[in-house]
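*Asks:*
Protein chains: 2
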Amino acid sequence: MYTIGQVSELFRLPISTLRYYDKEGLFPNIERVSGIRKFGEKEIETLRVIECLKKSGLEIKQIKQFMQWCVEGSSTYPKRKELFETQKKQVEAEIERMNKVLDMLKFKCWYYGEAMKNGNEDKLSSLSVSDMPSEIREAYLNSHD
Amino acid sequence: MYTIGQVSELFRLPISTLRYYDKEGLFPNIERVSGIRKFGEKEIETLRVIECLKKSGLEIKQIKQFMQWCVEGSSTYPKRKELFETQKKQVEAEIERMNKVLDMLKFKCWYYGEAMKNGNEDKLSSLSVSDMPSEIREAYLNSHD
DNA sequence: TCTTGACATAAAGTTAGGTTTAGGATTTAT
DNA sequence: ATAAATCCTAAACCTAACTTTATGTCAAGA
C-alpha cells in the first residue's frame, strides 16, 4: 500500500494530478483510512492503464467510462476489449504519422547541413529530387506525400 | 498562388486556424493583394514545417522563433539545424514510448480475449509471466518496465 | 449593377487538463 | 508533547491553441 506522495514519486506525477484523477473518477472505490487515500496494486495498474490510454489519445472522460466498465464486471469484457482494439489501431496510425514527421526532420537536418557547407541555399533551392542522396530522397518523398 | 480557402482545403485546416497562425507570426511577410492573403509555394512548405514541428512537440511560440530565424538569413543556419536535430531526438524518443504503449494495448487485447473465453478473470489474475504466450509475454514485459 | 460568396479584423469565448490557494486535519519524528 | 511533514477539500485560477461572433470589405457571376 502506497500513500499519494509515494505514488507521486513512483510515477513522477504531481500529487495534484493524482487527486485530480481521483476526483474525475479514475480510481473508483479507492480505499481510504481516516480520509487518507491508500493506493494498492489495483490502483498502480490503473495508473499504468491511465498513462497508456492517455497516450493513445483518449480523454479523461473516456478513461473514466472504461473504469466504470471495470466496476460493472464481466458483462463489459467485450466493450473493454473493443476499446483496446480501437486504441491499438489509433496508436499504429499515430506511429506511422510520427515516422513521416521523423523523415521530414531527417531531411531538414541534411538540408541545413548542406546550407552550412555552402554558406547559402542557392544550390539547394535549384535541387531536384534525383540529385539527393538516396537516404535523404526517401525521407523527402515520404514526408512530402 | 492560393487563397486562404484553397489552402484550408489542401491541408484540411479550418480557415480560422490559418488566420490564427498568421496572427502569431508563422507566415512572416506573406503577400497580400488589397488586404487578401496570397499563399505561395513558400507558405505551403512553411505549413508542412509547422505541422511537422507541432507534432514533434514544439509550441506555436517556438515555431514563430524558427520562422524569425529564416527571415534573419544564413547566419541562423546553425540554430535551425540544431533545432531540427533536437526535435529529431524528441520524436525518436516519442516513437519508442508509443511502441511501449502499443505493447500494453496488445497485452490488454489478449487479456480481454482470454477473459471473454473464460467468462471471468480468475485464471488470469493468478497467471504468472511464464504462462503467457511468448508474443504476449514480450509485450507485457516491455509495457510493465 | 446588384447580389452572393469569400475574404478581412478585433475581441470575446471555449476546452482540456491540470495547478494553485486557502484553510484545515493527521501522522511521524524528536 | 510538540513541531514538521504530509495529508485533505473546495474553489479559483491558468494556459495553449483554437473558435466564434460581430461587423465590415472585396470580387465575380447573372
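Taken in order, these protein sequences are the chains called A and B. Heads up, the first sequence is in the numbering used here, so the first residue is 520 and it goes up one at a time. Heads up, the second sequence is in the numbering used here, so the first residue is 520 and it goes up one at a time. From the three backbone atoms N, C-alpha and C, an ideal C-beta is built for every residue, glycine too. Small disclaimer: the values here were computed from a predicted structure and weren't measured.
Can you have a look at Ala612 (chain A) and say buried or exposed, based on whether 16 or more other CB atoms are within 10 angstroms of its CB?
*Replies:* exposed
*Asks:* With a threshold of 8 Å, are at least 3 pairs of Cβ atoms found where one atom belongs to the region 598-613 of chain A and the other to the region 562-581 of chain A?
*Replies:* yes
*Asks:* Which residue wins for smallest C-alpha separation from Gly544 (chain A), given the options A:Gln584, A:Ile555 and A:Val620?
*Replies:* A:Gln584
*Asks:* Could you list the residues in the region 588-608 of chain B with a C-beta less than 8 Å from some C-beta on chain A, going in chain order?
*Replies:* Per Cβ criterion, the list reads Ser593, Tyr596, Pro597, Arg599, Lys600, Phe603, Glu604, Gln606 and Lys607.
*Asks:* Assign Ser662 (chain A) to buried or exposed, taking buried as 16 or more other Cβ atoms, counted over all protein chains shown, within 10 Å of its Cβ.
*Replies:* buried
*Asks:* Could you check whether the region 622-642 of chain B touches the region 626-636 of chain A, counting it as contact only if at least three pairs of C-beta atoms, one from each stretch, sit closer than 8 Å?
*Replies:* Contact between the region 622-642 of chain B and the region 626-636 of chain A is absent, because fewer than three Cβ pairs lie under 8 Å.
*Asks:* Can you pull the chain B residues whose beta carbon is under 8 Å from the beta carbon of Ile614 (chain A), in chain order?
*Replies:* Ile614, Met617, Asn618 and Leu621
*Asks:* Taking the alpha carbon of Lys573 (chain B) as the point to measure from, which residue in B:Glu640, B:Val610 and B:Met651 has its own alpha carbon closest?
*Replies:* Among B:Glu640, B:Val610 and B:Met651, the Cα nearest to that of Lys573 (chain B) belongs to B:Val610.
*Asks:* Among the residues of its own chain, which have a CB less than 8 Å from the CB of Ile563 (chain A), if the five just before and after it don't count?
*Replies:* Tyr521, Val526 and Leu529
*Asks:* Answer with yes or no whether the minimum CB distance from Tyr521 (chain B) to chain A is below 8 Å.
*Replies:* no
*Asks:* Would you say Ser644 (chain A) reaches chain B, if we count a Cβ-Cβ gap shorter than 8 Å as a contact?
*Replies:* Interface residue (Cβ-Cβ distance to chain B less than 8 Å): Ser644 (chain A) is not classified as such.
*Asks:* Could you please give me the residues that DSSP links to Lys557 (chain B) through a beta bridge?
*Replies:* Paired residue(s): B:Glu550.
*Asks:* Pull up the CB-CB distance for Ile569 (chain B) and Ile582 (chain B), whole angstroms please, since I reckon it's below 8 Å.
*Replies:* 6 Å
*Asks:* Could you give the first and the last residue of the continuous alpha helix (DSSP H) run that contains Met617 (chain B)?
*Replies:* Tyr596 to Asn637
*Asks:* Would you say Glu560 (chain A) reaches chain B, if we count a Cβ-Cβ gap shorter than 8 Å as a contact?
*Replies:* Not closer than 8 Å to any Cβ of chain B, the Cβ of Glu560 (chain A) fails to qualify, so no.
*Asks:* Who does Tyr521 (chain B) pair with in a DSSP beta bridge?
*Replies:* B:Phe558
*Asks:* At least one CB of chain A closer than 8 Å to the CB of Arg567 (chain B): is that the case?
*Replies:* Judged by the 8 Å Cβ criterion, Arg567 (chain B) is in contact with chain A.
*Asks:* Would you report the Cα separation of Asp650 (chain A) and Leu660 (chain B), rounded to the nearest angstrom?
*Replies:* Annotation: Asp650 (chain A) to Leu660 (chain B) spans about 45 Å, alpha carbon to alpha carbon.
*Asks:* Less than 8 Å between the beta carbons of Ile614 (chain A) and Met586 (chain B), yes or no?
*Replies:* no
*Asks:* Answer with yes or no whether the minimum CB distance from Ala658 (chain B) to chain A is below 8 Å.
*Replies:* no
*Asks:* If we ignore side chains and look at the alpha-carbon of each, how far apart do Ser594 (chain B) and Pro597 (chain A) end up?
*Replies:* 59 Å
*Asks:* Grouping DSSP H, G and I as helix and E and B as strand, with all else coil, what is Arg531 (chain A)?
*Replies:* coil
*Asks:* Does any CB atom of chain B fall closer than 8 Å to the CB of Lys627 (chain A)?
*Replies:* yes
*Asks:* What residues of chain B sit near Tyr631 (chain A), judged by a beta carbon separation below 7 Å?
*Replies:* Tyr596, Arg599, Lys600 and Phe603
*Asks:* Residues of chain B with CB closer than 7 Å to the CB of Val610 (chain A), please, in chain order.
*Replies:* Met617, Val620, Leu621 and Leu624
*Asks:* Are any of the Cβ atoms in chain B nearer than 8 Å to that of Met635 (chain A)?
*Replies:* yes
*Asks:* Is there at least one Cβ from chain A nearer than 8 Å to Gly638 (chain B)'s Cβ?
*Replies:* Gly638 (chain B) has a beta carbon lying within less than 8 Å of a beta carbon in chain A.
*Asks:* Taking just the CA atoms, how far does Gly559 (chain B) sit from Val620 (chain B)?
*Replies:* 40 Å
*Asks:* Sort B:Ser644, B:Leu566 and B:Ile555 by Cα distance to Thr536 (chain B) and report the nearest one.
*Replies:* B:Leu566
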